[in-house]
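Before any comments, here is the structure.
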Amino acid sequence: MITKKDVQYIAALARIHMSPDKLQGLTKNLADIVGYVEQLQKLDLKNVKPTSHAVPLTNALRQDTVKPSLSNEKALSIAPQTRGGCFQVPLVIE
Amino acid sequence: MKLHSLTAHQILDLYKTQKASPQEVLKDVLSRIGLIDSRVHAYARLSSQNDLTQGVCAIPIAIKDNMCTKDEEITCSSRILKGFRPPYDAAVVERIKQNAGMIVGFANMDEFAFGSSTETSCYGATYNPWDLSRVPGGSSGGSAAAVVADETLWALGSDTGGSIRQPASFCGIVGLKPTYGRVSRYGLIAFASSLDQIGPLTKDVRDCAMLMNIIAGYDERDSTSVNEPVPDYTKALVHDVRGIKIGVVKEAFVEGLDAQVRTAVEGAIDQLKKLGATVKEISLPHAPYAVATYYIVATAEASSNLARFDGVRYGLRQSPANMRKNGLMDMYEETRAKGFGDEAKRRIMLGTYVLSSGYYDAYYLRGQKVRTLIKQDLDEAFKECDVILTPTAPTTAFKVGEKISDPLSMYLSDIYTITANLAGIPAISIPCGFSKQGLPVGLQLMARAFDEEMLLRVSYTYEQNTEWHLKKPSL
Chain A
13 MITKKDVQYI AALARIHMSP DKLQGLTKNL ADIVGYVEQL QKLDLKNVKP
63 TSHAVPLTNA LRQDTVKPSL SNEKALSIAP QTRGGCFQVP LVIE
Chain B
-10 MKLHSLTAHQ ILDLYKTQKA SPQEVLKDVL SRIGLIDSRV HAYARLSSQN
40 DLTQGVCAIP IAIKDNMCTK DEEITCSSRI LKGFRPPYDA AVVERIKQNA
90 GMIVGFANMD EFAFGSSTET SCYGATYNPW DLSRVPGGSS GGSAAAVVAD
140 ETLWALGSDT GGSIRQPASF CGIVGLKPTY GRVSRYGLIA FASSLDQIGP
190 LTKDVRDCAM LMNIIAGYDE RDSTSVNEPV PDYTKALVHD VRGIKIGVVK
240 EAFVEGLDAQ VRTAVEGAID QLKKLGATVK EISLPHAPYA VATYYIVATA
290 EASSNLARFD GVRYGLRQSP ANMRKNGLMD MYEETRAKGF GDEAKRRIML
340 GTYVLSSGYY DAYYLRGQKV RTLIKQDLDE AFKECDVILT PTAPTTAFKV
390 GEKISDPLSM YLSDIYTITA NLAGIPAISI PCGFSKQGLP VGLQLMARAF
440 DEEMLLRVSY TYEQNTEWHL KKPSL
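Here the protein sequences come in this chain order: A and B. Just so we're on the same page, the working numbering is the position in the first sequence counted from 1, plus 12. Note that the working numbering gives residue 3 to position 14 of the second sequence, counting from 1, and the numbers run on in steps of one.
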């Protein structure tokens, strides 16, 4: 059963700030959905291989050749904050 | 003549005989949008390039708001991407620009394609043109509504668990999810990368085949694109289903299926029999587990894909007024809290949970194993039939607001469509009737991987013998 404490922990992993007023409703939603997917527990899955992709493709390799790509200027033109040709982020270490 | 009410192939015929020009068609479609879109709200925004003086424009098309289009605002109908102008075109957008011409606008959608009703868009809901108090389905609800309301000639959507087919069903049009790998996902803003596929939403089956001819094909920029020859899909429009073996899924006709939907679908089965198809009942024993499997696999992939929206390189950036952890962490958490809507948060968190330490084996790995069983069921079924038939959705279009506060009941509206995504096979929804309330019913057909031609052939034959696709909502 998913608890409020679990939801706070998951929110931190998912990097989403969780305001206390949203916690109750979200806990119930997630508990309902997890309760529903519990039905898979009753299947016998011994010797069943997992499928991560419907089409069995192996590594799609290509030559490592230099091709034209986005310019630094163009890539930064849609960034929220830039400085000296780089993305700027808030201070991490004082 | 109302040009906007025609199909794309009818318009092309008019061009050939010079009875209409692309400029006239575009002008007509734009005036139709001006007249009714304030009520339908199919578009998140119109293209900034709708300038009649510019270039040749063959067929107006609506693009779902999750396909990168150079220098246009593309947002996945999410606050977190407001103002995002991709510096490049998605592969399908390139192909549209090279072949068909004119992008009219960007169709409204559930935020990040998370939904089955187009109610979770940050721009507000899209309404079903058949009954404006009802949803158009989702997540490609804007694309479907725009097509049936004649606000475009055709549209592109994306389908991760039914997001092309279920709205096509609710709006009474044709919607095809191609085989995984058939259409490049390069430039499609990802939801669940092992399931997502772009496909056409059109007024009839011929238009569907024509649009497939434009968008299908190998692309080295999508590492899951499959290098198989692309046929001329219009050649598959053969009026003959004699000898084709159709498997009707026993598990689809159980409790939860609306009686009127059942009646319409059974009517279609009878019709296909009369036209010479062989119909037999088949079983997909693990089909009832598809929704549970999907909500593990799809949310796990989504939580990983949506990690990129962190306020660093593009889109929204927010920081809290007072420091909580440290500057960068606070910025991530505040940006994502403010930028994502409730359903996006639910799915990201569910996906994070099923992948987290201690739960990975119990949920994610188990989900992937059940996916194997679901795929094996289909492989078995295709040994004895060419096409698998179900309803597209268990009900007709539901009321706006009816399911939005109960996520689980919303998820169950994808119960018939999800299987094709998990197995990577192509599936189509075509109109097969109307309820007493005048709401469209959709028929779903699935085929073997890369056999879209089989779907088009059966759909075309059915369509040639019915008139459901000719009905229009009065707006």
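We put the CB at the ideal spot given by N, CA and C, even for glycine.
Out of B:Val237, B:Lys86, B:Asp221, which has the shortest C-alpha to C-alpha gap to Leu432 (chain B)?
B:Val237
Ordered along the chain, which non-local residues of its own chain (more than five positions away) have a Cβ less than 8 Å from that of Ala501 (chain B)?
Since the first residue shown for chain B is -10 and the last is 464, residue 501 (chain B) is missing from the structure and cannot be characterised.
Contacting positions in the region 288 to 322 of chain B - beta carbon closer than 8 Å to chain A:
Ser292, Ala296, Asp299, Gly300, Val301, Arg302, Tyr303, Gly304, Leu305, Arg306, Ser308, Pro309, Arg313, Asn315, Gly316, Leu317, Met318, Asp319, Met320, Tyr321, Glu322
Output needed for Gln43 (chain B): all residues of its chain with C-beta closer than 8 Å, excluding positions within five of it in sequence on either side, in chain order.
Because the pLDDT of Gln43 (chain B) is 48, which lies under 50, any placement of that residue in the model is unreliable, and the number read from its coordinates should be weighed accordingly. So the list is empty, once near-sequence residues are dropped.
I want to see whether chain B comes within less than 9 Å of Leu1 (chain A), judged by CB atoms only; does it?
Residue 1 (chain A) lies beyond the range of chain A shown here (13 to 106); nothing can be said about it.
Thinking C-alpha only, which one of B:Lys234, B:His228, B:Gly130 is nearest Thr191 (chain B)?
B:Gly130
Since Val138 (chain A) is in the alpha helix (DSSP H), which residue starts that stretch and which ends it?
Residue 138 (chain A) falls outside the range modelled here, since chain A spans only 13 to 106, and no answer is possible.
For a test of the three-state rule: what should DSSP assign to Thr267 (chain B), helix, strand or coil?
strand
How long is the line joining the alpha carbons of Ile105 (chain A) and Lys314 (chain B), rounded to whole angstroms?
11 Å
Against chain A, with Cβ distances strictly below 9 Å, would Ile285 (chain B) count as a contact?
yes
Classify Thr408 (chain B): buried if its beta carbon has 16 or more other beta carbons within 10 angstroms, exposed otherwise.
buried
One question on the structure: do Ile417 (chain B) and Leu397 (chain B) come within less than 9 Å of each other, judged by their Cβ atoms?
no
Span separating the alpha-carbon of Ala91 (chain A) from that of Pro76 (chain B)
12 Å
Mapping the DSSP letters down to three states, classify Phe371 (chain B) as helix, strand or coil.
coil
8 Å CB neighbourhood of Val19 (chain A) in its chain, flanking five on each side removed:
Met30, Leu35, Leu38, Thr39, Leu42
On the three-state DSSP scale, how would you describe Gly96 (chain A)?
coil
Short of 6 Å in beta carbon distance, which residues of its chain neighbour Asp299 (chain B), apart from the five on each side in sequence? Order them along the chain.
Tyr321
Tell me Leu418 (chain B)'s beta-bridge partners as DSSP assigns them.
Looking at the sequence provided, one finds Ser at residue 418 (chain B) rather than Leu. The partner list for Ser418 (chain B) (beta bridge, DSSP) reads B:Gly164, B:Gln433.
What did DSSP end up calling Lys392 (chain B) once you bin it into helix, strand or coil?
coil
Which full runs of the beta strand (DSSP E) of 3+ residues lie inside the region 340 to 384 of chain B, going along the chain?
376 to 380
Close-in-space but distant-in-sequence residues of the same chain around Asn84 (chain A) (CB under 8 Å, 5 per side omitted)
Gly97
Would you call the region 114 to 130 of chain B and the region 57 to 65 of chain B in contact, with 3 or more CB pairs under 8 Å?
no
For Thr141 (chain B) versus Gln186 (chain B), is the C-beta spacing smaller than 9 Å?
no
If we require 3 or more residues per run, which beta strand (DSSP E) segments fall completely within the region 33 to 108 of chain B?
50 to 53, 92 to 96
Backbone secondary structure at Lys425 (chain B) - three-state DSSP
coil
Residues of the region 194 to 224 of chain B with Cβ closer than 7 Å to any Cβ of chain A, in chain order:
Glu209, Ser212, Thr213, Val215
Which class does Gly236 (chain B) belong to by DSSP, given the choice of helix, strand or coil?
strand
Endpoints, beta strand (DSSP E) assigned at Thr191 (chain B):
186 to 191
Rounded separation between Ile363 (chain B) and Pro102 (chain A) - CA only
47 Å
Are the region 366 to 379 of chain B and the region 66 to 76 of chain A touching, with three or more C-beta to C-beta distances below 8 Å?
no
On the DSSP bridge list, what partners appear for Val14 (chain B)?
Answer is none; Val14 (chain B) lacks a bridge partner.
C-alpha distance - Ser67 (chain B) paired with Gly330 (chain B), whole-angstrom precision:
7 Å
Assign Ala138 (chain B) to one of three DSSP states: helix, strand, or coil.
coil
9 Å is my cut-off, CB to CB: does Asp33 (chain A) come that close to chain B?
no
Does any residue of chain B bring its CB to less than 9 Å from the CB of Val19 (chain A)?
yes
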